[in-house]
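Below is one structure, written out as structure tokens; the observations come after it.
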Amino acid sequence: MKSKEIAHRFDQIADVLEFLGENQFKVGAYRKVARTLSDLTEDIEVISREGRLREIPGVGEGIAQHIIEYLDTGKISKYEEELKRVPPELIQLMNIPGMGPKTLALANKTLKVRNLADLKRVIEDGSLAGLPGLGEKKVENIRKGIARFEAVKERIPLGLALPLVETIMAGLKKGFKITMISPAGSLRRMRETVGDIDILVGSSQGKKMVEVFTHLPMVKEILAAGETKGSIISDEGFQVDLRVVPEKAFGAALQYFTGSQAHNVKLRGIAQKTGFKVNEYGVFRGEKLVAGKTEEEVYESLGLQYMPPEMREDRGEIELAREGKIPRLVEVSDIRGDLHVHSRHSDGTGEIEDIAKKAKEKGYQWIAICDHSKSAKYARGLPESEVLKVIEEIEELNGKLKGIRVLAGVEVDILTDGSLDFPDRLLKKLDLVVGAIHQGFKKDVTRRMIRAMENPYLKIIAHPTGRLISSREGYEVDIDAVMAKAAETGTALEINAHYDRLDLDDLNVMKAKKKGVKLAIGTDAHSVGMLEYMRLGVAVARRGWLGPEDIINTWSAEKIKGWKKA
DNA sequence: GCCGTTTTCGGCCCGACTGTTTTCAGTCG
Ligand SMILES: Nc1nc2c(ncn2[C@H]2C[C@H](O)[C@@H](COP(=O)(O)OP(=O)(O)OP(=O)(O)O)O2)c(=O)[nH]1
Ligand SMILES: [Mg+2]
Ligand SMILES: [Mg+2]
Ligand SMILES: [Zn+2]
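Below, the structure written as structure tokens:
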């Protein structure tokens, strides 16, 4: 994870250079390489050792040297002086909406603004408004920006943003007749969290559309309201951006507004080199419009294969599209069952029968009930005798229910010594054994997981990193070693689909696939309604470029019961 | 600072909104 550290360092350098008025493209070069490094699925130290740093896009002579130096000493000497001279309290003021590098540099130079308190002072005493290029309104805008900056709003988990966007789109449709509308941005790309909610509308009535938008009941603050776009802050504190373009440009605009930014920049760069211009209104050759109605058209006009939004992160997808090698990604309709569901027998709320009926309704062929094991006291884990009763209940249900097969499983605790919470003689009676760490997050996690995977009955490791998006870093675990053992033993690693877990995440999924590890999506549902999180798990899989063959949820019930047997 | 199916030098995505501007800079998406 050294690459994340280096990425952070380069981002800091970019900020400082920008503040100091350095060349924009140099600043951009540092930002670009920072993003690439944080998306890396290979160990940067290995890449460096093997002399392959320059193969990373955006890494040239200078940056390669910086990386080598950082890996060696933890410093980048060339910028030590600048980083000291421009302290973080000053740089962080650029995160205030409306406050960019130019304004900050000016305030710093002429008014000696060095931190937030200084900035507030020059706002109050009127001196900021007196600066060239500034005025009452701009300063008022910055004042509001500070309020939002201090509210430190977190990014919204995707699972919560998806229902929100539906509500907002319904509100827009109620206020105005709309035929073309779509979520866009990181939400459409199904990133695990979203910074704001982006919505695109195709309409010739941009101004009116924006009007309707900025007058929705949820609007707390209007950030901008123009002819083609509007931006608001909702009563719950999140930002919503609306973009409106003519219907005939909907495809080009959807491509633009879906991003990612890095994907767009790369796409437009390629277009430019081949004599085209791409913007949100279309693909142009000179003055001539050559594409724009659909996204497919946009990509194809540039000689690129269409790709799903989940892939558009500039992680090599454009190169694949050029070669026509975009893979067929797994889809919700490929999923035959859910591999991790709790019932009321442990800490869930649903009856197994109701869960099974819902699973059938969702078009599944089977569903695995995996309640907690005896040591998981906080989660009402079951003693052995109770597990036997659940197995019987499931047998009976399977005799009764048509069109759905319930698998008797367990989510067995991996104990602090790496042994499992149930003996093999019980595990062998079950259709599916999922192992998970619920205690001792810093205690020898890697070795415990490895020992657990050596048990032939254990088929899946649940939430392998243990991170919680809202609140927790995760286990102290060498995930590469876990993946290696998973590949060796044929154990699957879970994509836990709960919106606050999504664990493994997209990059780890990508890495796991490269190492030959199978993935297993489990919703970890604790109620019937939570079975719907499957959509999020599939999204993570798609963002990890997985096909149906990489996911064991596409297997038959018989195969799920039978693999990795002793 | 990086990079090369037009270049080893001269480019680097492209546009909307706002405010202070008299023609555009700054910020953001
Ligand atoms: N061409 C181009 N498109 C951009 C740029 N910045 C943003 N976009 C497009 C792509 C983004 O996905 C889309 C929405 O912008 P956002 O700032 O909301 O980013 P995004 O939704 O991707 O991530 P987020 O989760 O909101 O931080 O607008 C840019 O600098 N150039
Ligand atoms: Mg966004
Ligand atoms: Mg946005
Ligand atoms: Zn669970």
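If you read the first sequence in our numbering, its first letter stands for residue -3, the second for the next number, and so on. From the three backbone atoms N, C-alpha and C, an ideal C-beta is built for every residue, glycine too.
Near ligand 4: residue i beta-carbon under 7 Å from a heavy atom
i    : result
D520 : yes
A267 : no
A404 : no
H341 : no
A458 : yes
E575 : Any question about residue 575 goes unanswered here, given that the chain covers just -3 to 562.
H62  : no
H336 : yes
Whole-angstrom distance between residue j and residue i, CA atom to CA atom
i     : j     : result
A562  : A488  : Note that A562 scores 46 on pLDDT, short of 50, meaning its location in the model is unreliable; the coordinates nonetheless yield the value given after this. The alpha-carbon atoms of A562 and A488 are separated by roughly 16 Å.
E276  : A249  : 4 Å
P128  : I72   : 36 Å
I152  : E57   : 38 Å
I9    : L79   : 7 Å
G540  : R184  : 15 Å
N137  : G94   : 7 Å
D546  : K514  : 6 Å
I52   : S(-1) : 12 Å
M(-3) : A166  : 42 Å
G155  : Y529  : 8 Å
D502  : E120  : 46 Å
M307  : T254  : 11 Å
G543  : A535  : 12 Å
V473  : S523  : 30 Å
L298  : A267  : 6 Å
D427  : K289  : 50 Å
L112  : T210  : 30 Å
L13   : V430  : 50 Å
D440  : L500  : 19 Å
R497  : E146  : 27 Å
M526  : D520  : 8 Å
E41   : V478  : 19 Å
L403  : A553  : 8 Å
V215  : E77   : 45 Å
In DSSP terms, what residue i is bridged to
i     : result
D499  : N492
K225  : R239
L285  : F280
S(-1) : The partner list for S(-1) (beta bridge, DSSP) is empty, contrary to what the question assumes.
I548  : Its beta-bridge partners do not exist; DSSP assigns none.
S230  : V215
L250  : According to DSSP, which records beta bridges pairwise, L250 is partnered with nothing at all.
R468  : L464
L263  : Answer is none; L263 lacks a bridge partner.
I456  : V430 and A488
L196  : S178 and R239
D334  : I363
heavy atom of ligand 2 below 7 Å from residue i C-beta
i    : result
V190 : yes
D194 : yes
Cβ-heavy atom distance, residue i to ligand 3, below 7 Å
i    : result
G181 : yes
D121 : no
D7   : no
Any non-hydrogen atom of ligand 6 within 7 Å of residue i CB
i   : result
P84 : Among the ligands present in this structure, namely ligand 1, ligand 2, ligand 3 and ligand 4, ligand 6 is not found.
Any non-hydrogen atom of ligand 1 within 7 Å of residue i CB
i    : result
D237 : yes
Y252 : yes
N91  : no
S256 : yes
I264 : Per the sequence presented here, residue 264 reads as Arg, with Ile not at that position. Yes - ligand 1 has a heavy atom lying nearer than 7 Å to the Cβ of R264.
Examine the Cβ distances between the segment 340 to 349 and the segment 385 to 398 and report whether three or more of them are shorter than 8 Å. yes
Counting pairs of Cβ atoms below 8 Å between the segment 413 to 423 and the segment 352 to 362, do you hit three or more? no
Unbroken stretches of the alpha helix (DSSP H), 4 residues or longer, contained in the segment 129 to 187: 132 to 146, 154 to 171 and 181 to 184
What are the uninterrupted segments assigned as alpha helix (DSSP H) that are 4 or more residues long and contained completely in the segment 21 to 95, given in chain order? 40 to 45, 57 to 69, 73 to 81 and 84 to 87
Can at least three beta-carbon pairs, one atom from the segment 429 to 447 and one from the segment 403 to 418, be found at a separation below 8 Å? yes
Runs of beta strand (DSSP E) lying entirely within the segment 356 to 435, each at least 3 residues, in chain order: 362 to 368, 401 to 409 and 428 to 432
Evaluate contact between the segment 218 to 229 and the segment 193 to 210, counting only Cβ atoms and requiring at least three cross-stretch pairs below 8 Å. yes
How about the segment 318 to 326 and the segment 276 to 288: do they share at least three Cβ pairs that are nearer than 8 Å? no
With contact counted as at least three CB pairs below 8 Å, one residue from each stretch, are the segment 234 to 241 and the segment 185 to 195 in contact? yes
Report yes or no: do the segment 330 to 338 and the segment 364 to 372 share at least 3 C-beta pairs separated by less than 8 Å? yes
With a threshold of 8 Å, are at least 3 pairs of Cβ atoms found where one atom belongs to the segment 477 to 488 and the other to the segment 451 to 461? yes
Is there contact here, the segment 36 to 56 with the segment 103 to 110, by at least three beta-carbon pairs under 8 Å? no
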